[in-house]
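Visitor: Structure below; questions to follow.
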Amino acid sequence: MVHTLKEEDLKMEAAFNAKPRKFVVWLFVVSSTIMFGGFTSYYIVFAASKGKGHGLVLPDLFMYSTAVLIASSICLFLASKALKDGNIGSQKLLLWGTLVLGCIFGYLQVDAWGTLFHTGAAFVNNNAAISMIYVVSGLHLLHIFAGLCFVTSTLVGAYMGISAEKSKFRMDIASIFWHFIDILWIYLYVFLLLNS
């Protein structure tokens, strides 16, 4: 019976093909890029027609959260390098670092919304550009949650001792998605700064 289970595991391992799964993630990355491109285009059109941007000084918390997100990407990059070097202990530690920094980013974003709200910048108001700050940062936060799920899956796989192929696949998926949401946030933050 044990022998049969091992044979089935080997067959499943041989049938595992990462390319279609990676394609789905890349498809999601492209569609998200188009979606956020649409939001920023809407913002530009609105600002041009009204002759104003959001008219706010963005909270410093956005700047701090940007630094935290960049640090999390560095952690994930180093985790990927540790996996390639066969250093699973370092990989686990760096994945934990990525998770913690991702959660801190989420906390700082929500805190920044509170700061915006206390300055009178409510989600529903007569300046649609202010609403867009909440929309794009909120949708980005949903992407952060999805990214944390990918990183968690990679971390669980590292503790379970899954095969090298599956471990590399999970690491690749987490890296693609996490670095994408990092670059996306930097773009959104700089865009909002330049169009205030």
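Mapping the sequence shown onto my numbering, position 131 (from 1) lands on 132, and the numbers just tick up by one. No residue lacks a Cβ here, since even glycine has one placed at the ideal position from N, Cα and C. This structure is a prediction, so every number in the text was calculated from the model and none was measured.
1. Return the chain-ordered list of same chain residues with a C-beta closer than 8 Å to the C-beta of residue 100, the five sequence neighbours on each side being excluded.
2. Do residue 159 and residue 93 have their C-beta atoms within less than 7 Å of each other?
3. Taking 7 Å as the threshold (C-beta atoms), are residue 95 and residue 73 in contact?
4. So, residue 109 versus residue 62, is the Cβ gap smaller than 7 Å?
5. Sorted by chain position, which residues of the same chain lie with C-beta nearer than 7 Å to residue 65's C-beta, five sequence neighbours on each side aside?
6. Closest to residue 27 by C-alpha separation, out of 180, 89, 80 and 60, would be which residue?
7. If you draw a straight line from the C-alpha of residue 107 to the C-alpha of residue 142, how long is it?
8. Name the two residues that bound the continuous alpha helix (DSSP H) containing residue 165.
9. Of all the options 57, 68 and 89, which has the alpha carbon lying nearest to the alpha carbon of residue 172?
10. I'd like to know whether the C-beta atoms of residue 133 and residue 44 end up nearer to each other than 7 Å.
11. Quick check: what's the CA-CA separation for residue 80 versus residue 162?
12. By how many angstroms is the C-alpha of residue 169 removed from the C-alpha of residue 195?
13. Can a CB atom of chain C be found closer than 7 Å to the CB of residue 192?
14. Could you pull the start and end residues of the alpha helix (DSSP H) that residue 83 belongs to?
15. Which runs of the beta strand (DSSP E) at least 3 residues long sit entirely within the region 121-146? Give them in chain order.
16. Is it buried or exposed, residue 144, if we count other Cβ atoms within 10 angstroms and call 16 or more buried?
17. Just mark residue 58 as buried or exposed, buried being the case when its beta carbon has 16 or more other beta carbons within 10 Å.
18. Which residue from 22, 60, 84 and 30 puts its Cα closest to that of residue 184?
Guide: For this structure:
1. The residue given as residue 100 occupies position 99 in the sequence shown. The residues are 149, 152, 153 and 156.
2. Numbered from 1 along the sequence shown, position 158 holds the residue referred to as residue 159. Numbered from 1 along the sequence shown, position 92 holds the residue referred to as residue 93. Yes.
3. Position 72 of the sequence shown holds residue 73. Position 94 of the sequence shown holds residue 95. It is not a contact, given that the beta carbons lie outside the stated cut-off.
4. Working through the sequence shown from its first residue, we reach residue 109 at position 108. Working through the sequence shown from its first residue, we reach residue 62 at position 61. The answer is yes: Cβ separation under 7 Å.
5. Residue mapping note: residue 65 aligns to position 64 of the sequence shown, counting from 1. Only 109 meet the Cβ criterion.
6. Position 26 of the sequence shown holds residue 27. Out of 180, 89, 80 and 60, 180 has the C-alpha closest to the C-alpha of residue 27.
7. Position 106 of the sequence shown, counted from the start, is the residue given in the question as residue 107. Position 141 of the sequence shown, counted from the start, is the residue given in the question as residue 142. Approximately 7 Å, taken between the alpha carbons.
8. Counting from one through the sequence shown, the residue named residue 165 turns up at place 164. That run of the alpha helix (DSSP H) goes 165-195.
9. Here residue 172 corresponds to residue number 171 of the sequence shown, with the count starting at 1. Considering only alpha carbons, the answer is 89.
10. For the purposes of this step, residue 133 is taken as residue 132 along the sequence shown, with counting starting at 1. For the purposes of this step, residue 44 is taken as residue 43 along the sequence shown, with counting starting at 1. Yes, these two residues count as a Cβ contact at 7 Å.
11. Your numbering for residue 80 matches position 79 in the sequence shown. Your numbering for residue 162 matches position 161 in the sequence shown. Rounded to whole angstroms, residue 80 to residue 162 spans 15 Å at the Cα level.
12. Your numbering for residue 195 matches position 194 in the sequence shown. Your numbering for residue 169 matches position 168 in the sequence shown. Rounded to whole angstroms, residue 195 to residue 169 spans 39 Å at the Cα level.
13. In the structure shown, chain C does not exist; there is a single protein chain.
14. Indexing the sequence shown from 1 puts residue 83 at position 82. 61-85 is the extent of the alpha helix (DSSP H) around residue 83.
15. none
16. Reading the sequence shown from its first residue, position 143 is the one you call residue 144. By the neighbour-count rule (16 or more Cβ atoms within 10 Å), residue 144 is buried.
17. The count along the sequence shown starts at 1 and reaches residue 58 at position 57. Classification of residue 58: exposed, given that the 10 Å Cβ count is below 16.
18. Here residue 184 refers to the residue found at position 183 of the sequence shown. Minimum Cα distance to residue 184 is reached at 30.
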